[in-house]
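Take a look at the structure below.
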Amino acid sequence: MKRWMAALLLALPLIAQQTTPPAPAAPREAKLPQPVEMTLDNGLRVIVVPKHDLPLVAARLMVKAGAAADPRGREGLADLTATVLTLGTKTKSAEQIARGVEALGATLSADASWDSTTVDLSVMSSNLNKAMEYVADVARNATFPKDELERERAQGIDALQASLAQPRVLAAVVASRLTFGDAPYGANLEGTPKSLAKIERDDLVKFHAAHFRPNNAVLVLAGDVKADAAFALAKSVFGTWVGPAAGRPSARRPGGPGDSATRVVVVDMPDAGQAAVIVGRRGIRRVDPAYLQAIVANSVLGAGYSSRLNQEIRIKRGLSYGAGSSFEPRAQVGPFTARTETKNESAAEVASILVGEMKRLSTADVPEAELTPRKAALIGDFAQSLETTSGIVNRVSALARHDLPLSDINRYISGVQSVTAEQVRKFAGTNLSGDSNIVIVGDASKFLEPLKQQFAEVEVIPSAELDIDSATLRVRKEKK
Amino acid sequence: MRFARIALLSLLVAATASAATTIPPIPFKQRVLPNGLQVYSAQDRTTPTVAIHVWYRVGSKDDPEGRSGFAHLFEHMLFKSTKNMPSEMMDRLTEDVGGFNNATTFDDATAYYEVVPSNYLETLLWAEADRMASLNVDDANFKSERDVVKEEFRFRVLAPPYGRLFYALEKSSFVKHPYRRPGIGSIEELDASTLDDVRKFHSTFYRPDNATLIVVGDFEQQQLDAWVDKYFTPIAKPSSEIPRVSIEEPARAEEKRITEYAPNVPLPAVAMSWLIPSASHADAIPLFVAATILSEGESSRLQEKLVRGEVAVEAFGDADVREDLGLFGMVAILSSEHQPAEAEKLMRAELASIAEKAVTPAELEKAKNLIVTSALRERETSNGKAFSIGEALSKQHDANVVNNGLAKVQAVTPADVQRVVKKYLIDGKALVLTYLDESAKGGAK
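Residue numbers (my numbering), protein chains in the order written: chain A, 1 to 480; chain B, 481 to 925.
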């Protein structure tokens with residue numbers, strides 16, 4: 001018996017010394033969510049994605065206007081409107097709303113992005129009907145109480161000061177200014193201490209009246225709710241919602257004229273514990289036919305752990321905890337950014353790697369051995385995002401925001417797979433090489449010299465002289 | 481963690497909350513291989529993906545002396561080469577096929593995990609077994625990855641305005657127990673570590689009898705068991721003892737106040753901590769409920785009194801329970817024109833109010849509902865379920881917590897919350913940390 005055991009033990013390690021990974025089995029097809037929809041008589045579009053494995057529902061009411069609609073000088077208005085939206089209605093105080101929602105175990109939040117403002121709910125399905133009444137109440141009957149506004153404004157200004165003390169946040173804000181100048185997309189979505197100070201209650205009321213109307217809104221529900229029940233619920237809480245008679249105001253062009261000035265800007269922050277480096281430029285619109293090419297190109301360049309930027313900066317050189325890039329396709333041309341953080345001494349080195357990798361993508365075809373896994377990574381991310389109720393709501397509402405067919409969900413995988421190396425190279429030639437702005441926020445004394453050797457014109461702005469409210473980025477000097 | 485958070489003052493839901501009477505249980509199966517490897521598996525065939533976790537019972541508290549941050553640095557090294565895998569091969573086997581991988585170093589454990597399309601399950605079992613059995617890192621790899629970890633330190637601790645606050649709170653809250661060493665380490669001690677330390681750490685702690693394999697998602701049970709036998713059974717169990725931390729943290733004899741200065745602090749902050757019992761102690765659950773009442777949601781006490789009260793921009797509390805003992809923490813970042821002492825007073829007043837008048841039944845019910853919903857969200861993915869099993873095992877040594885923990889939460893009464901708040905937070909001794917911009921140093925304002 002013992003000898004038999006010993007023989008078995010001896011035999012096993014031979015199997016274990018399998019030196020190559022076992023091959024995969026045949027894949028199983030993923031089931032994609034099947035949205036169903038209807039439009040209420042008042043124009044509200046309702047989309048439902050039933051998914052019954054857990055007693056949980058995510059819901060979002062989205063209106064198709066966000067920070068891109070902020071008036072000049074009142075940047076941060078959409079964001080502040082969203083924040084105060086849940087803090088008082090015609091019949092309920094902020095405390096009553098928060099306590100009522102949370103007694104149901106639900107979370108309710110409102111947020112503004114560039115092109116939309118959303119009210120989001122996550123709730124166990126047994127409490128869905130009660131919780132949806134709060135969603136409808138804040139969307140329809142928000143009163144924007146003065147004291148709530150004042151508190152949120154003061155805290156917003158404090159929070160901005162805290163976040164703008166971080167090199168990477170400040171670098172992103174400066175990069176937007178460089179890319180879009182004084183067009184709406186050039187501003188900070190949360191505004192600035194200066195712009196928040198100017199916003200009045202009436203601005204919030206007007207923003208709400210202009211954009212919160214049923215024919216400018218979409219309601220998305222995903223999770224443990226049947227389509228019929230969801231439609232009935234939508235009718236019961238939103239059926240009598242009537243928009244104001246006045247038309248919607250016309251907006252500024254959020255992307256601006258699209259000039260292509262190239263600047264290298266250093267914001268000198270001598271105390272910075274780490275430098276933030278961003279390369280920024282204009283990207284694409286969400287409805288651009290090349291959208292999937294952009295997504296695939298970026299997956300090679302800077303999305304995910306094994307993308308080129310992270311390979312070169314982190315994995316090969318140990319210069320950062322992470323490096324990456326992204327397109328942010330919006331209703332109008334949104335930004336592209338490539339970014340990383342590094343010790344101050346290596347800021348110039350990583351700046352040239354970022355620019356160099358963007359250019360390299362346009363000079364040679366991505367080998368299939370690299371392109372195929374990057375596409376697989378994108379498809380995997382897509383599939384994983386559809387595993388949660390909030391992930392489904394995100395995907396579906398993004399399509400609805402840009403009036404894209406919901407059936408695009410079923411075409412995403414094949415669409416990604418069909419992008420060719422040649423398309424990626426050509427796309428990168430048009431969209432990633434050439435004019436870009438570079439922003440470095442950090443201790444300039446540690447990287448200015450090597451940076452000047454790489455780039456002919458480097459502007460240095462001491463952090464005390466930086467004015468993020470101005471397209472020139474500099475505090476205007478008073479003439480004596 | 482290779483990418484995101486490291487648990488400094490974890491704001492995550494503690495494992496004690498990860499189950500509910502109203503939510504489907506996680507139907508896990510458990511077995512032990514002859515070499516001591518614990519195996520947990522739970523089938524869920526909703527989507528064709530599978531989560532594979534290996535949790536090693538070694539965490540930041542096991543950092544060698546003078547090598548603070550080592551367990552975390554080591555975690556990064558396990559993505560480098562092994563006998564049969566070149567560096568970053570884990571990324572080839574996961575990211576390249578539409579999955580992902582990551583790892584997290586906790587105080588008590590280190591978790592390595594992958595989510596992949598389920599047809600790659602066997603491949604990943606092979607890979608996890610391979611890096612358990614052998615590590616084959618060279619000096620160039622080691623030094624470059626150590627630089628990455630130093631950048632992670634700058635990213636988490638030096639660059640954010642409140643990074644040094646959590647670092648100092650962790651360091652100052654314990655006097656003897658190794659929990660006092662922040663998991664991210666320090667530049668000096670990271671620099672002092674060597675490739676030899678890496679090899680020694682692997683042979684000491686990375687062994688089957690110190691590990692748990694957790695597989696959740698799309699698989700056939702028999703097939704999984706056969707693969708686990710094939711790839712993990714041959715890994716030898718060393719005869720050496722596994723060293724365990726046995727240092728006991730003494731009770732605090734008195735309150736302690738410290739001030740920490742840092743550059744670029746836009747608004748002052750105040751943080752308080754108290755010692756609380758271990759995760760497996762019965763009082764951990766009412767303490768977790770107390771933290772939820774204080775801190776979870778817009779209608780939580782700290783939110784209503786401090787943030788809506790316009791004294792703080794942010795205020796939160798947390799019962800960070802661990803294997804050996806825990807920390808109850810409260811932090812407030814002040815609104816401009818307000819002083820840390822005001823926030824401290826208000827936070828203490830909330831504790832006093834719970835200790836004197838107890839919480840209302842409605843408030844308690846709300847906290848329970850929030851805990852249930854949050855547990856539901858955690859269980860939407862196979863990865864979330866695997867995490868809840870791993871956390872329960874590392875902190876409470878009992879996976880059943882994922883299926884019976886919520887019943888214990890449901891059973892908590894106002895009197896329970898009152899009692900633990902009085903015992904640990906009113907009668908316990910606080911550490912009070914005031915966090916100011918360095919310009920405030922030396923009395924100058």
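We put the CB at the ideal spot given by N, CA and C, even for glycine.
_So A/Ser-414 contacts chain B; which residues on that side make the cut at Cβ distance below 8 Å?_
Stepping through the first sequence from its first residue, residue 414 of chain A is reached at position 414. The premise fails here: A/Ser-414 is roughly 14 Å from chain B at the closest Cβ pair, so nothing lies under 8 Å.
*Have a look at A/Gln-155 and A/Leu-448 and give me their C-alpha separation to the nearest angstrom.*
Here the question's residue 155 of chain A lines up with position 155 in the first sequence. Here the question's residue 448 of chain A lines up with position 448 in the first sequence. Rounded to whole angstroms, A/Gln-155 to A/Leu-448 spans 35 Å at the Cα level.
*the segment 729-745 of chain B: which residues have C-beta closer than 7 Å to a C-beta of chain A, in chain order?*
Pro-743, Asn-744
*Using a Cβ-Cβ cut-off of 8 Å, state whether A/Met-132 counts as contacting chain B.*
As a working mapping, residue 132 of chain A is identified with position 132 in the first sequence. Closer than 8 Å: no.
*How many whole angstroms separate the CB atoms of B/Pro-746 and A/Gln-161, which I take to be in contact at a CB cut-off of 8 Å?*
Numbered from 1 along the second sequence, position 266 holds the residue referred to as residue 746 of chain B. Numbered from 1 along the first sequence, position 161 holds the residue referred to as residue 161 of chain A. Correct: roughly 4 Å between the Cβ atoms.
*Could you round the C-beta distance between B/Pro-841 and B/Pro-894 to whole angstroms and report it? I think they count as a contact, below 8 Å.*
For this step, residue 841 of chain B is matched to residue 361 along the second sequence. For this step, residue 894 of chain B is matched to residue 414 along the second sequence. With 8 Å as the limit, B/Pro-841 and B/Pro-894 qualify as a contact, their Cβ atoms being about 6 Å apart.
*Quick one: which chain A residues come within Cβ less than 9 Å of B/Leu-675?*
One-based indexing of the second sequence puts residue 675 of chain B at position 195. By Cβ distance, chain A contributes nothing, its closest Cβ being about 15 Å from B/Leu-675, past 9 Å.
*B/Leu-521 lies in the beta strand (DSSP E); which residues open and close that run?*
As a position in the second sequence, residue 521 of chain B is number 41, starting the count at 1. Reading the sequence as shown, one finds Ser at residue 521 of chain B and not Leu. 518-523 is the extent of the beta strand (DSSP E) around B/Ser-521.
*Assess, as a yes-or-no matter, whether the segment 537-555 of chain B is touched by the segment 895-914 of chain B under the definition of 3 or more beta carbon pairs within less than 8 Å.*
no
_Residues that A/Thr-19 contacts on chain B, provided the C-beta gap is smaller than 7 Å_ = Residue 19 of chain A sits at position 19 when you count from the first residue of the first sequence. Those are Asn-564, listed as they occur along chain B.
*Should B/Arg-788 be flagged as near chain A, meaning a C-beta pair shorter than 8 Å?*
For the purposes of this step, residue 788 of chain B is taken as residue 308 along the second sequence, with counting starting at 1. Closer than 8 Å: yes.
*Does the segment 798-815 of chain B come close enough to the segment 750-763 of chain B to have 3 or more Cβ pairs within less than 8 Å?*
yes
*State whether the segment 334-353 of chain A contacts the segment 305-325 of chain A, with contact taken as three or more CB pairs (one from each stretch) at a distance under 8 Å.*
yes
*List in chain order: all unbroken alpha helix (DSSP H) runs of 4+ residues lying wholly within the segment 33-91 of chain A.*
77-85
*Taking a cut of 9 Å between CB atoms, which residues from the segment 821-842 of chain B lie near chain A?*
Ala-842
_Buried or exposed, going by whether 16 or more other CB atoms sit within 10 Å of the CB of B/Ser-719?_
As a first step, residue 719 of chain B is located in the second sequence; it is residue number 239 there, counting from the start. Exposed, by the Cβ-count rule.
*Under 7 Å by beta carbon: chain B residues contacting A/Met-62*: Locating residue 62 of chain A in the first sequence gives position 62, where the first residue counts as 1. The contacting residues do not exist; A/Met-62 stays about 21 Å from chain B at best.
*7 Å CB neighbourhood of A/Val-205 in its chain, flanking five on each side removed*: Here the question's residue 205 of chain A lines up with position 205 in the first sequence. The beta carbon of A/Val-205 is closer than 7 Å to those of Phe-144 in its chain, skipping five residues each way along the sequence.
*A/Val-300 beta carbon less than 8 Å from that of A/Val-493*: Because residue 493 of chain A is not part of the residues shown, which for chain A are 1 to 480, the question remains open.
_Among B/Lys-560, B/Pro-597, B/Gln-702, B/Ile-813, the one whose alpha carbon lies nearest that of B/Leu-675_ = Here residue 675 of chain B refers to the residue found at position 195 when the second sequence is read from its first residue. The candidate whose alpha carbon is nearest that of B/Leu-675 is B/Lys-560.
_With DSSP as the reference, identify every bridge partner of A/Asp-408, one or two as the case may be._
Within the first sequence, the letter at position 408 stands for residue 408 of chain A. The partner list for A/Asp-408 (beta bridge, DSSP) is empty, contrary to what the question assumes.
*Name the chain A residues that come within less than 9 Å of B/Arg-511, Cβ to Cβ?*
Here residue 511 of chain B corresponds to residue number 31 of the second sequence, with the count starting at 1. Neighbours of B/Arg-511 on chain A: none; closest Cβ ~17 Å, over 9 Å.
*Please decide whether A/Lys-92 counts as near chain B, where near means a Cβ-Cβ distance under 8 Å.*
Taking the first residue of the first sequence as 1, we reach residue 92 of chain A at position 92. Not an interface residue.
*Report back the beta-carbon spacing between B/Glu-740 and B/Ala-910 to the nearest angstrom; my notes put them in contact at under 8 Å.*
What you label residue 740 of chain B is simply residue 260 of the second sequence in a count that begins at 1. What you label residue 910 of chain B is simply residue 430 of the second sequence in a count that begins at 1. At roughly 16 Å, the Cβ-Cβ gap does not stay under 8 Å, so B/Glu-740 and B/Ala-910 are not in contact.
*Whole beta strand (DSSP E) elements within the segment 532-603 of chain B, 3-residue minimum*: Here the runs fully enclosed are 580-585, 590-597.
*Do we get a CB-CB distance below 8 Å when we pair B/Glu-568 with the residues of chain A?*
Looking up residue 568 of chain B in the second sequence gives position 88. True, the Cβ-Cβ gap to chain A drops below 8 Å.
*For chain B, is any of its Cβ atoms less than 8 Å away from the one on A/Ala-175?*
Stepping through the first sequence from its first residue, residue 175 of chain A is reached at position 175. Chain B, which has no Cβ nearer than 8 Å to the Cβ of A/Ala-175, makes this no.
*asked:* Please state whether the Cβ-Cβ distance between A/Arg-45 and A/Val-119 is less than 8 Å.
replied: Walking along the first sequence from the start, residue 45 of chain A turns up at place 45. Walking along the first sequence from the start, residue 119 of chain A turns up at place 119. No, the pair does not count as a contact, with Cβ atoms beyond the cut-off.
_For the pair the segment 763-778 of chain B and the segment 885-892 of chain B, tell me if three or more CB-CB distances fall below 8 Å._
yes
_Beta-carbon proximity check, A/Val-279 vs A/Glu-459, cutoff 8 Å_ = The residue labelled residue 279 of chain A in the question sits at position 279 within the first sequence. The residue labelled residue 459 of chain A in the question sits at position 459 within the first sequence. Cβ distance not < 8 Å, so A/Val-279 and A/Glu-459 don't count as in contact.
*For B/Leu-735, the three-state DSSP class (helix, strand or coil)*: Indexing the second sequence from 1 puts residue 735 of chain B at position 255. The question names Leu, but residue 735 of chain B is Glu in the sequence shown. Residue state, collapsed to three classes: coil.
*Spatially closest choice to A/Pro-462 from A/Asp-271, A/Phe-212, A/Ala-139, A/Met-38, by CA coordinates*: Your numbering for residue 462 of chain A matches position 462 in the first sequence. For the residues A/Asp-271, A/Phe-212, A/Ala-139, A/Met-38, the minimum Cα distance to A/Pro-462 belongs to A/Asp-271.
*Proximal residues of chain A, C-beta to C-beta of B/Glu-625 below 8 Å*: Against the second sequence, residue 625 of chain B aligns to sequence position 145. Residues of chain A passing the Cβ test: Gly-318.
_B/Ser-724, buried or exposed, once every other Cβ within 10 Å from all chains shown has been counted against 16_ = Position 244 of the second sequence, counting from 1, holds the residue named residue 724 of chain B. A small fix is needed here, since residue 724 of chain B is Arg in this sequence, not Ser. Burial call: exposed.
*Decide if A/Pro-249 is buried, meaning its Cβ has at least 16 other Cβ atoms within 10 Å, or exposed.*
If you number the first sequence from 1, residue 249 of chain A lands on position 249. Per the 10 Å Cβ criterion, exposed.
*For A/Thr-20, does the three-state DSSP call read helix, strand or coil?*
By one-based count along the first sequence, residue 20 of chain A stands at place 20. Note: A/Thr-20 maps to coil in three-state DSSP.
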